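A.B. asks: Chain order of the listed sequences is X and A.
Here this note's numbering runs 35 ahead of the position in the first sequence, where the first position is 1.
Here this note's numbering runs 38 ahead of the position in the second sequence, where the first position is 1.
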Amino acid sequence: MDFNTLWFLIIGFVLTVYVITDGYDLGIGILCLFTPKDKYKYRQQLIQIIGPHWDGNEVWLIVFGGMLFAVFPRVYATLLSGLYLPFIVLLIFYMIRGISIPLRNRYNTGRWLSFWDLCFGISSLMIAFFMGVVTANLIQGITLNESGLMKLHLSRLISPFSIWMGIFSTALLCMHGASYAARKCTEDIKSFCRKAGLISWLLMLIFAVPAEIIVLRNNPADIFKNHLLLFSLLVILLIISVVYIPWGFKSGSFNKTFAASSLAVGRFLALLYLYFYPNLLRSVEPSQNLTIYNASSSSQTMIVTLILTIIAMPIVIIYSIYAHRTTAHHNLTLADTSD
Amino acid sequence: MDSVLLSRLQFALTIGVHFIFVTLSLGMVWLLLAVETLAWRTKDPAWEKAGRFFGRIFVTTFAFGVVTGLVMEFQFGTNWAGFSDFAGDVFGTPLAAEGMISFFLESVFIGIYIFGRNRLSRGTHWFSILMVTLGATFSAFWIIVANSWMNTPDGYVIENGRIILNDFSKVIFSESLWPRFFHTIDAVFIAGALFMAGVSSYFYLKNKETALAVKTLKLAIISGFIASVLELFPFGDMSARQIASTQPTKFAAIESLEKTQKGAPIVLFGIPVENPPHLILDIRVPYVLSLMAFHDINSEVKGMDQFERDELPPFALTFTTFHLMVGLGMFFIALTSFGTLLLHKGWIFRTKWFLILLIVSIPLPVIACQLGWITTEAGRQPWVVYGVLKTTDAASVNVSAGEVLTSIILFSLLYLVIMIFYIFLIVTDIKRGPQPLNEQQEY
Numbered sequence: 036m037d038f039n040t041l042w043f044l045i046i047g048f049v050l051t052v053y054v055i056t057d058g059y060d061l062g063i064g065i066l067c068l069f070t071p072k073d074k075y076k077y078r079q080q081l082i083q084i085i086g087p088h089w090d091g092n093e094v095w096l097i098v099f100g101g102m103l104f105a106v107f108p109r110v111y112a113t114l115l116s117g118l119y120l121p122f123i124v125l126l127i128f129y130m131i132r133g134i135s136i137p138l139r140n141r142y143n144t145g146r147w148l149s150f151w152d153l154c155f156g157i158s159s160l161m162i163a164f165f166m167g168v169v170t171a172n173l174i175q176g177i178t179l180n181e182s183g184l185m186k187l188h189l190s191r192l193i194s195p196f197s198i199w200m201g202i203f204s205t206a207l208l209c210m211h212g213a214s215y216a217a218r219k220c221t222e223d224i225k226s227f228c229r230k231a232g233l234i235s236w237l238l239m240l241i242f243a244v245p246a247e248i249i250v251l252r253n254n255p256a257d258i259f260k261n262h263l264l265l266f267s268l269l270v271i272l273l274i275i276s277v278v279y280i281p282w283g284f285k286s287g288s289f290n291k292t293f294a295a296s297s298l299a300v301g302r303f304l305a306l307l308y309l310y311f312y313p314n315l316l317r318s319v320e321p322s323q324n325l326t327i328y329n330a331s332s333s334s335q336t337m338i339v340t341l342i343l344t345i346i347a348m349p350i351v352i353i354y355s356i357y358a359h360r361t362t363a364h365h366n367l368t369l370a371d372t373s374d
Numbered sequence: 039m040d041s042v043l044l045s046r047l048q049f050a051l052t053i054g055v056h057f058i059f060v061t062l063s064l065g066m067v068w069l070l071l072a073v074e075t076l077a078w079r080t081k082d083p084a085w086e087k088a089g090r091f092f093g094r095i096f097v098t099t100f101a102f103g104v105v106t107g108l109v110m111e112f113q114f115g116t117n118w119a120g121f122s123d124f125a126g127d128v129f130g131t132p133l134a135a136e137g138m139i140s141f142f143l144e145s146v147f148i149g150i151y152i153f154g155r156n157r158l159s160r161g162t163h164w165f166s167i168l169m170v171t172l173g174a175t176f177s178a179f180w181i182i183v184a185n186s187w188m189n190t191p192d193g194y195v196i197e198n199g200r201i202i203l204n205d206f207s208k209v210i211f212s213e214s215l216w217p218r219f220f221h222t223i224d225a226v227f228i229a230g231a232l233f234m235a236g237v238s239s240y241f242y243l244k245n246k247e248t249a250l251a252v253k254t255l256k257l258a259i260i261s262g263f264i265a266s267v268l269e270l271f272p273f274g275d276m277s278a279r280q281i282a283s284t285q286p287t288k289f290a291a292i293e294s295l296e297k298t299q300k301g302a303p304i305v306l307f308g309i310p311v312e313n314p315p316h317l318i319l320d321i322r323v324p325y326v327l328s329l330m331a332f333h334d335i336n337s338e339v340k341g342m343d344q345f346e347r348d349e350l351p352p353f354a355l356t357f358t359t360f361h362l363m364v365g366l367g368m369f370f371i372a373l374t375s376f377g378t379l380l381l382h383k384g385w386i387f388r389t390k391w392f393l394i395l396l397i398v399s400i401p402l403p404v405i406a407c408q409l410g411w412i413t414t415e416a417g418r419q420p421w422v423v424y425g426v427l428k429t430t431d432a433a434s435v436n437v438s439a440g441e442v443l444t445s446i447i448l449f450s451l452l453y454l455v456i457m458i459f460y461i462f463l464i465v466t467d468i469k470r471g472p473q474p475l476n477e478q479q480e481y
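1) Rounded to whole angstroms, what is the Cα-Cα separation between X:Ser373 and X:Gln80?
2) Do you know whose CA, among A:Thr378, A:Val183, A:Thr106, lies nearest A:Gln48's CA?
3) Less than 8 angstroms between the beta carbons of A:Leu143 and A:Phe176, yes or no?
4) Terminal residues of the continuous alpha helix (DSSP H) containing X:Trp42?
5) For A:Ala145, which residues in chain X fall below 7 angstroms Cβ to Cβ?
6) Report the start-end ranges of each alpha helix (DSSP H) in the region 284 to 339 of chain A that is 4 residues or longer and not cut off at the edges.
7) Roughly how many whole angstroms lie between the Cα atoms of X:Leu21 and X:Met102?
8) Kindly indicate which three-state DSSP category X:Leu325 falls into: helix, strand or coil?
9) Going along chain X, which residues have a C-beta under 7 angstroms from A:Met138?
10) In whole angstroms, what separates the C-alpha of A:Met368 from that of A:Ile196?
11) Considering only residues of the same chain and omitting the five flanking positions on each side of A:Ile309, which have a CB-CB separation below 7 angstroms?
12) May I ask you to report which of helix, strand or coil DSSP gives A:Ile464?
13) What residues from chain X crowd round A:Leu158, counting only those whose CB sits closer than 7 angstroms?
14) Does DSSP put A:Trp118 in a helix, a strand or coil?
15) Residue range of the alpha helix (DSSP H) that A:Arg46 falls in?
16) Quick one: what's got a C-beta closer than 8 angstroms to A:Phe8's C-beta in the same chain, skipping five residues either side?
17) Would you call the region 196 to 215 of chain A and the region 333 to 341 of chain X touching, i.e. three or more CB-CB distances under 8 angstroms?
18) Suppose contacts are defined by Cβ-Cβ distances below 8 angstroms. Is A:Leu44 in contact with A:Ala416 by that definition?
19) Alpha carbon to alpha carbon, how far is A:Trp391 from A:Leu379? Give it in angstroms, no decimals.
20) Quick one: which chain X residues come within Cβ less than 9 angstroms of A:Glu441?
21) Buried or exposed for X:Tyr268, going by 16 or more other Cβ atoms inside 10 Å?
22) Taking only beta-carbon atoms, is A:Asn476 less than 8 angstroms away from chain X?
23) Apply the 10 Å Cβ neighbour rule to X:Thr144 and answer buried if 16 or more other Cβ atoms are within range, or exposed otherwise.
24) Give, in chain order, every unbroken run of the alpha helix (DSSP H) that is at least 4 residues long and sits entirely within the region 252 to 334 of chain X.
25) If you draw a straight line from the C-alpha of A:His163 to the C-alpha of X:Arg360, how long is it?
26) Can you give the Cα-Cα distance for A:Asp431 and A:Trp421, rounded to whole angstroms?
27) Apart from the five residues on each side of it in sequence, which residues of its chain come closer than 8 angstroms, Cβ to Cβ, to X:Val52?
28) Let me make sure I understand the geometry here. Which of X:Thr344, X:Pro108, X:Ile123, X:Val110 has the alpha-carbon closest to that of A:Met110?
29) In the DSSP assignment, find the alpha helix (DSSP H) that holds A:Trp180 and state where it starts and stops.
30) Kindly say whether X:Arg109, judged by its beta-carbon, lies nearer than 8 angstroms to any beta-carbon of chain A.
31) Answer with yes or no whether the minimum CB distance from X:Leu184 to chain A is below 8 angstroms.
32) Quick check on A:Glu86: does DSSP put it in helix, strand or coil?
33) Tell me A:Tyr194's beta-bridge partners as DSSP assigns them.
34) Can you pull the chain A neighbours of X:Val339, defined as C-beta to C-beta under 8 angstroms?
35) Locate the beta strand (DSSP E) running through A:Val435, then write down its first and last residues.
36) Does any residue of chain A have a CB that is nearer than 8 angstroms to the CB of X:Gly101?
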């Protein structure tokens with residue numbers, strides 16, 4: 036395996052961890068829009084569950100950006116400038132979401148809480164939706180000009196397929212968030228999480244099947260021929276995870292449900308990686324594709340960044356697990372959330 | 039207006055707002071660590087309350103810093119695709135390192151710090167704020183690595199019109215790294231110290247928690263005094279010499295040296311005028327600039343006449359911001375040394391006007407940091423990578439002026455809201471003052 040492929044895998048891994056970790060807190064954000072009657076109690080607890088973690092989860096996105104910049108600078112430059120306004124809007128939703136959490140907890144009046152919860156919920160929803168939209172556009176391929184730059188018109192950005200994928204990613208993350216929240220919340224809120232999880236599971240499934248068919252029919256890497264073994268493995272993982280989730284929600288073994296949900300999220304991304312490899316940005320004109328070879332930085336940079344990664348990431352993973360464990364021993368009680 | 043100018047304005051806006059939160063959070067974190075250490079070891083309820091109070095302020099500031107910081111990571115790609123493509127081989131790695139080494143550390147452990155008060159052991163809780171402190175400091179290190187490389191690029195070669203990494207240690211430890219790192223860290227520390235001093239003075243004057251205020255004011259004044267003196271010497275001196283030797287255009291402009299000369303004078307006062315860049319009503323002291331720049335009164339310092347006008351940075355702007363920064367730095371030395379004297383004599387809590395002065399001075403170091411940043415960034419112009427890539431060649435050619443204008447409007451509105459809420463939160467926290475220890479605190 037060459038460095039370019041190794042980096043493709045590392046960056047894919049970082050993106051996967053990002054979507055699995057920030058995915059659950061985005062999902063919980065979306066759930067806040069649908070809380071039943073006693074809504075502040077529900078939201079208070081949902082937000083408290085992600086309180087210690089959402090910020091750390093978002094760092095995976097920053098690291099993804101940093102690595103993409105360091106190792107595939109041309110893709111970083113082309114992608115972000117080519118989708119200029121969509122990414123600016125996405126960043127603005129991230130910012131609104133980020134200030135909602137510290138602000139909402141400051142005052143305990145209905146209007147104040149409603150306003151910030153709405154900001155938090157809508158921005159989470161929009162981020163999840165936009166992820167699907169951007170993914171759809173990357174799947175369909177973009178137009179690159181001679182200098183490797185792209186220009187995507189807003190009219191092309193929003194197409195039936197991209198809206199479809201947007202709803203799919205929203206439902207997927209919503210289900211994922213529900214499975215995480217169900218592990219941590221108090222009994223009375225568990226039934227809400229279970230119901231939300233089951234509904235979004237169904238929605239996700241309805242939207243996933245046609246999406247996967249489109250991805251597999253428009254199959255540039257010739258997955259069936261070149262990666263049949265990997266592909267079969269992914270199919271098996273899909274079946275196990277997707278079938279287990281509703282059963283897990285019903286039976287109340289939420290840790291396993293969350294694991295299955297993470298597997299489902301990771302599996303979907305893995306299929307995309309298989310679909311793209313060795314391309315990073317697929318152009319409508321295949322000769323202009325940006326690949327892991329023509330868009331990479333020099334081998335020195337790949338090696339230096341790899342060494343830094345090998346030193347830093349194991350430490351990060353160890354203390355991230357430590358952080359989740361430390362806080363997990365102290366499950367929330369209603370008394371905790373009342374003030 | 040063209041998209042390059044608009045992109046520059048947007049960058050100045052987004053990083054300027056972000057830097058306000060960075061200045062206060064990074065400046066406060068070392069003092070917070072000291073307070074939490076004292077609270078843990080002495081079990082003194084005054085330190086304990088101080089830890090909770092400043093901890094809460096720190097957490098709020100940090101959260102706003104994170105929120106505004108996310109934009110920075112992606113803005114190189116959205117607005118500066120030319121730069122990202124040209125210099126990504128060298129420039130991306132420090133950013134990736136910053137994420138892996140620093141952001142994870144600070145954001146994971148700030149979660150434990152928030153969650154862990156009264157839930158986890160004192161040792162674990164203290165350890166979490168220590169890790170946050172280290173993470174924040176490493177983060178400053180890596181971003182200054184990246185920015186120093188833009189000022190004094192090294193360790194690269196140019197192949198096929200793009201920068202290629204040659205020697206990574208030269209990229210990290212470029213010539214300006216250490217002077218700029220210490221200069222920045224110390225500057226934000228002054229901001230943290232004067233924030234703590236001002237807030238403590240307010241508590242004392244309002245007769246709130248005076249036992250706490252006496253302790254934190256002492257800590258803030260003494261550490262602020264040491265930091266202010268160090269900022270002049272050695273850190274300011276190191277920075278001046280570094281700029282004189284590596285970025286003569288920046289040095290000539292900020293010091294307003296019109297002609298290359300030996301025994302160059304320093305400007306004590308002057309009003310900058312453009313076309314050609316010069317000063318009116320100026321007062322200068324001969325030899326001092328040569329002494330500062332090369333530690334030799336007879337050394338030759340390059341003036342603005344050595345360069346074409348389009349090689350020089352904007353003169354009036356950089357001259358003004360630089361001198362206001364230096365003036366504020368001198369004021370901090372005067373303020374904190376007088377405060378230390380009052381402390382020593384035991385008069386400080388009777389000197390009401392001085393306590394009021396400390397309260398009024400809270401925003402000044404934040405302003406000084408902004409001025410310093412404008413000086414170094416505007417002073418690097420017209421280059422984005424000094425001597426290698428012009429700013430005009432760095433922007434995204436596929437982004438139109440209309441698009442950038444749209445994003446500037448969106449960012450400006452959002453940042454206005456963010457600033458209003460931040461100030462509102464901090465002011466209400468300060469007015470409410472430290473809370474009794476028996477209450478569970480949520481952030």
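Glycine included, each C-beta is placed from N, C-alpha and C at the ideal position.
Keep in mind the model is a prediction, meaning the values are calculated, not measured.
C.D. replies: Taking the structure as given:
1) With a pLDDT of only 31 at X:Ser373, under the threshold of 50, the placement of this residue in the model should not be trusted, and no figure is reported.
2) A:Thr106
3) Yes.
4) 38 to 66
5) According to the sequence displayed, residue 145 of chain A carries Ser and not Ala. Neighbours of A:Ser145 on chain X, chain order: Asp90, Gly91, Val94.
6) 286 to 292, 326 to 332
7) It is not possible to answer for residue 21 of chain X, since the shown part of chain X is limited to 36 through 374.
8) strand
9) Val98, Leu343, Thr344, Ala347, Met348, Val351
10) The alpha-carbon atoms of A:Met368 and A:Ile196 are separated by roughly 43 angstroms.
11) Leu317, Ile318, Leu319
12) helix
13) Correct list: Thr361.
14) coil
15) 41 to 80
16) Residue 8 of chain A falls outside the range modelled here, since chain A spans only 39 to 481, and no answer is possible.
17) Below 8 angstroms, enough C-beta pairs join the region 196 to 215 of chain A and the region 333 to 341 of chain X to call them touching: three or more.
18) no
19) 15 angstroms
20) Tyr119, Leu120, Ile123
21) The sequence shown places Leu at residue 268 of chain X, not Tyr. Looking at its Cβ environment, which holds fewer than 16 other Cβ atoms inside 10 Å, X:Leu268 is exposed.
22) no
23) The residue in question, X:Thr144, is exposed, as its Cβ has fewer than 16 Cβ neighbours within 10 Å.
24) 258 to 261, 263 to 286, 289 to 311
25) 15 angstroms
26) 9 angstroms
27) Counting only Cβ-Cβ distances below 8 angstroms, and skipping sequence neighbours, we find Trp95.
28) X:Ile123
29) 160 to 189
30) yes
31) Taking Cβ atoms only, chain A reaches closer than 8 angstroms to X:Leu184, which makes this a yes.
32) helix
33) A:Leu203
34) Thr131, Leu203, Phe206
35) It is not in any beta strand (DSSP E) - A:Val435 carries neither H nor E in the DSSP assignment.
36) yes
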